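S.K.:
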Amino acid sequence: MSKSVKPTRAQRLVAFEAVVRHYESALLRYAARILNDPDGAQDVVQDSFIRLLHRWKGEMVPDGQMTNWLYRVVHNCAVDHVRKIARRSLLHRRAAAEQDQVADPDRGAGFRVSDRAARAAAALQTLDLRERQLVILKVYEEKSYKEISAITGLSTGNVGYILHHAMRKLARELEGDTPS
Numbered sequence: 125m126s127k128s129v130k131p132t133r134a135q136r137l138v139a140f141e142a143v144v145r146h147y148e149s150a151l152l153r154y155a156a157r158i159l160n161d162p163d164g165a166q167d168v169v170q171d172s173f174i175r176l177l178h179r180w181k182g183e184m185v186p187d188g189q190m191t192n193w194l195y196r197v198v199h200n201c202a203v204d205h206v207r208k209i210a211r212r213s214l215l216h217r218r219a220a221a222e223q224d225q226v227a228d229p230d231r232g233a234g235f236r237v238s239d240r241a242a243r244a245a246a247a248l249q250t251l252d253l254r255e256r257q258l259v260i261l262k263v264y265e266e267k268s269y270k271e272i273s274a275i276t277g278l279s280t281g282n283v284g285y286i287l288h289h290a291m292r293k294l295a296r297e298l299e300g301d302t303p304s
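Going by my numbering, the sequence shown opens with residue 125, and the numbers climb by one from there.
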C-alpha cells in the first residue's frame, strides 16, 4: 500500500490557478446573467473562488463534483448579493434605476446586439431569481436537469416543473413584446 502524498502549498496554488482559468469565464457568464450586473458578477465569482480555495478539501482538479459545487456557490453568492442590494435604501434603488437608463457603452463598430437578443434578455429579467437561474443553466450553460439539480439542490422533477413554467412566462412575455 502506497501512502498518498499531500500536495505542497505551492502545488495547491498552481492547481488552484488552473481551476480558476478553467471555470472563470463560464461562471462569470452565469453570474452576470443571474444578476444582470457584470461588476456584481465579478465580485460573486471572486468570492466563490476564495471559498473554493479555503473550503475545498478534495484535489484541485476540474471535475463534475467541483463543477456542481462551484455553480452552487456562485448561485448562493449571487442570491446573497441580490439580498444585499435589496436591503439598500430607496435612494440607492433610485440611483440604480437611473443607471439602467444610461446608454450601453460603445463596444466598437463590429459589436451589435440584435433586437431579438435584447428583447430576450429583457424578458429573462422579468422572471424571479429561481426561474432565471434555472433558465440560464439550461439554455445558456446547456446543463442537464440532473446537473441543474446537483447545482441548485432541487429535485430533477422540480427543476423540470419550474423550467416549464418559466419558459411559458418567457414565451408570453416575448409574444406581448412582438414589434408591429
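Even for Gly, the Cβ is constructed at its ideal location relative to N, Cα and C. Keep in mind the model is a prediction, meaning the values are calculated, not measured.
1) For Gly277, count the other beta carbons within 10 Å of its own beta carbon; 16 or more makes it buried, fewer makes it exposed. Which is it?
2) The alpha helix (DSSP H) with Tyr154 in it runs from where to where?
3) If we count Cβ pairs, one from each stretch, closer than 8 Å, do we get three or more for the segment 161 to 181 versus the segment 243 to 254?
4) Ordered along the chain, which non-local residues of its own chain (more than five positions away) have a Cβ less than 6 Å from that of Tyr195?
5) Going along the chain, which residues of its own chain have a beta-carbon closer than 7 Å to the beta-carbon of Leu137, five neighbours each way excluded?
6) What is the rounded straight-line gap between the Cα of Asn200 and the Cα of Asp239?
7) Since Ala165 and Leu152 should fall inside the 8 Å C-beta cutoff, what is the C-beta to C-beta distance between them, to a whole number of angstroms?
8) For the alpha helix (DSSP H) that Ile260 lies in, which residues bound it at each end?
9) So, at 6 Å on beta carbons, what are the nonlocal neighbours of Val144 in its own chain, with the 5 sequence-adjacent residues on each side left out?
10) Could you tell me the alpha carbon to alpha carbon distance between Val185 and Arg179, rounded to whole angstroms?
11) Which residues bound the alpha helix (DSSP H) around Thr276?
12) In the DSSP assignment, find the unbroken alpha helix (DSSP H) run with Ser172 in it and report its ends.
13) With the cut-off set at 8 Å, would you say Ser273 and Val259 are in Cβ contact?
14) With DSSP as the reference, label Glu297 as helix, strand or coil.
15) Between the alpha carbons of Arg157 and Glu183, how many angstroms are there, rounded?
16) How would you write the range of the alpha helix (DSSP H) that Lys130 sits in, first residue to last?
17) Classify Met190 as helix, strand or coil using the three-state DSSP reduction.
M.R.: Taking the geometry as given:
1) exposed
2) Arg133 to Leu159
3) no
4) Ile275
5) none
6) 31 Å
7) 6 Å
8) Where Ile260 is concerned, there is no enclosing alpha helix (DSSP H), given that its DSSP letter is neither H nor E.
9) Phe173
10) 14 Å
11) Tyr269 to Thr276
12) Pro162 to Arg179
13) no
14) helix
15) 29 Å
16) It is not in any alpha helix (DSSP H) - Lys130 carries neither H nor E in the DSSP assignment.
17) helix
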